[in-house]
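So in my numbering, the last spot in the sequence shown is 186, and the numbers never skip.
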Amino acid sequence: MTTLAEIAALLDAAQLNYGRTDGRIRTGFGTDVYEDADGDGCLHLVIGLQEDGELLRILAPMAYRLPPKAGARRLAAVQRTLNQINWESRVVQYEMDTEDGEIRLAIDFPIEDGKLTELQLTRMLRLMPNVADQCHVGLRLALDESIALPTEAALRRELEKFVKALPEGDSNPPPNDAT
């Protein structure tokens, strides 16, 4: 079982700024690409414990919001994009509440009978803004223009069509001049 006091001690050891309120820990990280609804380059995180301290949950609540009356085309593009991001992600998952349009990033980390380490915690915390930066442009296209993020298979098919359309001889890679 892990406690918030133990998590706070790990954050202190890592010299990370945070605050404790309402049985949760709040922190944030600067981002290079991601912008919140106010245009700030910062991802706000909430750290909490569930299942009697056996599950660590890190959230970036309201990272995005799909307006309730966005329409079926936009909703489909956003859901396809979130599905593709989640397919490619190992740890961070995007969640969407279809009732209010909230889209958040989440990590659920089972602790069970083990001990959470500083390295594990800081890795998860630093992973969140990195994933937000990597996915921001694709998710904004879905939210703003109803353009879904293509799957890897779709990208591969487009590349194959492009290569087939090249004039004969242009499909060969350029020679390697590094000698």
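Positions of the beta carbon are idealized from the N, C-alpha and C atoms, including for glycine.
Between the alpha carbons of I110 and L146 lies a distance of about 10 Å. Excluding sequence positions up to five before and after T10, its CB lies within less than 7 Å of the CB of G60, all in the same chain and listed in chain order. Per DSSP, the unbroken alpha helix (DSSP H) holding A84 starts and ends at A79 to E95. Of the other Cβ atoms in all chains shown, fewer than 16 fall within 10 Å of the Cβ of G30; this residue is therefore exposed.
Residue range E125 to E152 is occupied by the alpha helix (DSSP H) that includes Q127. Counting along the chain, the unbroken alpha helix (DSSP H) around E13 starts and ends at L11 to A20. The shortest CA-to-CA distance from G108 to any of V53, Q86 and M8 is the one to Q86. Of the residues R133, A67, L82 and E175, the one whose Cα lies closest to the Cα of D43 is A67.
For P74, same chain residues with a beta-carbon under 8 Å away, outside a window of 5 residues either side, are G108 in chain order.
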